[in-house]
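With the numbering used here applied, the sequence shown corresponds to residues 34 to 381, in that order. We put the CB at the ideal spot given by N, CA and C, even for glycine. Keep in mind that this is a model prediction, so the values were computed, not measured. These notes concern the structure reproduced below.
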Amino acid sequence: MNASGSYFFTKIGQWQHLLELIVASNVLAMVLALAEAQSWQALESIRVLQYMFFINWVILSFSALVDYFQEFFAKFSQKLALILGFILLQLIVLFTTCAVNIIQYWSLDRGPFSDAILFHGTSLNLGYGVLLGAFCLRYLYMRERWLNQQYSELNARIQAMQARIHPHFLFNSLNSVVSLIAIDPDKAENMLINLSRLFRASFQELKLVSLAEEIDLCQQYLSIEKMRLGERLTVEWNIQATPIELKRATIPLLTLQPLLENSIFHGVETFLRPSTITVLVEILQNQVSIVITNPYSHDTIKSKKGNGIAIENVKQRLQAYYGRTVKFQVYGGQSFYTTVVNYHYRVK
Numbered sequence: 034m035n036a037s038g039s040y041f042f043t044k045i046g047q048w049q050h051l052l053e054l055i056v057a058s059n060v061l062a063m064v065l066a067l068a069e070a071q072s073w074q075a076l077e078s079i080r081v082l083q084y085m086f087f088i089n090w091v092i093l094s095f096s097a098l099v100d101y102f103q104e105f106f107a108k109f110s111q112k113l114a115l116i117l118g119f120i121l122l123q124l125i126v127l128f129t130t131c132a133v134n135i136i137q138y139w140s141l142d143r144g145p146f147s148d149a150i151l152f153h154g155t156s157l158n159l160g161y162g163v164l165l166g167a168f169c170l171r172y173l174y175m176r177e178r179w180l181n182q183q184y185s186e187l188n189a190r191i192q193a194m195q196a197r198i199h200p201h202f203l204f205n206s207l208n209s210v211v212s213l214i215a216i217d218p219d220k221a222e223n224m225l226i227n228l229s230r231l232f233r234a235s236f237q238e239l240k241l242v243s244l245a246e247e248i249d250l251c252q253q254y255l256s257i258e259k260m261r262l263g264e265r266l267t268v269e270w271n272i273q274a275t276p277i278e279l280k281r282a283t284i285p286l287l288t289l290q291p292l293l294e295n296s297i298f299h300g301v302e303t304f305l306r307p308s309t310i311t312v313l314v315e316i317l318q319n320q321v322s323i324v325i326t327n328p329y330s331h332d333t334i335k336s337k338k339g340n341g342i343a344i345e346n347v348k349q350r351l352q353a354y355y356g357r358t359v360k361f362q363v364y365g366g367q368s369f370y371t372t373v374v375n376y377h378y379r380v381k
């Protein structure tokens, strides 16, 4: 499914979605029957069953027709597909009402057939159809949003695979290793070990890991950058959490590392003087807060492209896993750039 060509009525015939619609529709039938009776004492079970039969028939007919004409609905935008679906639902209500009236007429033999008999109760049932249509299409809209969220997760994975580690970082790191081999072989060896660990992680499946693992991976990455940049780079960690909390908290793999890489590429590397990146990590009642602050210049950040790509990738991946609990904000001050990430994780 692609984002641009998606529509409300994909896979409506699957039993999971159909079961959800039927259960919720029966609740609506109960509400309508109760509204007609105006009290629990006056509520008749036969009337409830009539409402349930009518609404379930309409829902099943609607689902069957939409599932059959999926390719037809796929040609239209979401808005137009919604309107067409609403009209289809009202037509089903109208034809069902007329069919019931005909059956009742022939079974009771009330005399001459007329339009009044054929269309008896259609206005009321079409009113119920409006309520049913609003409910049904609201459900389909919410399910469509969920499908789009799944698509965003898949798309974010692809983007993350394409932009996990900047090429400039690889080339600069390898150049640093080459220069260190003759001067300090031990440092060159450690740098290669950390580099191999980082790339091994980048080739893994993008899954949830513990926050402790992600921080350890980031520290390996920062040790490489420290060897390359020397005194120009200082990183101050402020972790307000216990080791147990860090192991319990989860985060998508390679989420924090791109933000730190972003801070170095767009911040530290733009200055010749020593620069400091501060990283604050807090965990409180399954709520993770991460604040990264780095120096930056208005002039140099405009000349370097890609700042928003890494941030957007991280934001999409977090939202794919943690939904609306994610709060992602960036602030650009006079000489500092701050990234704030908040999300709520579930304990396994």
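Item: Residue 137 (DSSP reduced to helix, strand or coil); Value: helix
Item: Cβ pair residue 88, residue 114 closer than 7 Å; Value: no
Item: Contacts around residue 70, its chain only, beta-carbon distance under 8 Å, and the 5 residues preceding and following it disregarded; Value: 76, 77 and 80
Item: Cα-Cα separation, residue 270 to residue 215; Value: 32 Å
Item: Terminal residues of the beta strand (DSSP E) in which residue 319 lies; Value: That residue, residue 319, is in no beta strand (DSSP E); it is neither H nor E in DSSP.
Item: Backbone secondary structure at residue 195 - three-state DSSP; Value: Because the pLDDT at residue 195 is just 48, under 50, the model does not fix this residue reliably, and the point stays unresolved.
Item: Close-in-space but distant-in-sequence residues of the same chain around residue 283 (CB under 6 Å, 5 per side omitted); Value: 241 and 378
Item: Residue 291 - containing alpha helix (DSSP H), residue span; Value: 289 to 299
Item: Beta-carbon spacing of residue 359, residue 352 below 7 Å; Value: yes
Item: Status (buried if at least 16 other CB within 10 Å, exposed otherwise) for residue 132; Value: exposed
Item: Residue burial classification, residue 287 (beta-carbon count within 10 angstroms, cutoff 16); Value: buried
Item: Counterpart residues of residue 269 in DSSP-defined beta bridges; Value: 311
Item: Per-residue burial, residue 336 [other beta carbons within 10 Å of its own, 16 or more giving buried]; Value: With a pLDDT of 49 at residue 336, under the threshold of 50, the predicted position of this residue should be treated as unreliable, though the coordinate-derived value follows. Counting Cβ neighbours within 10 Å, residue 336 comes out exposed, since fewer than 16 surround it.
Item: Those runs of the alpha helix (DSSP H) which lie wholly inside the region 87 to 136 and span at least 4 residues; Value: 103 to 106
Item: Residue 376 versus 345, 299 and 323, residue with shortest Cα-Cα distance; Value: 323
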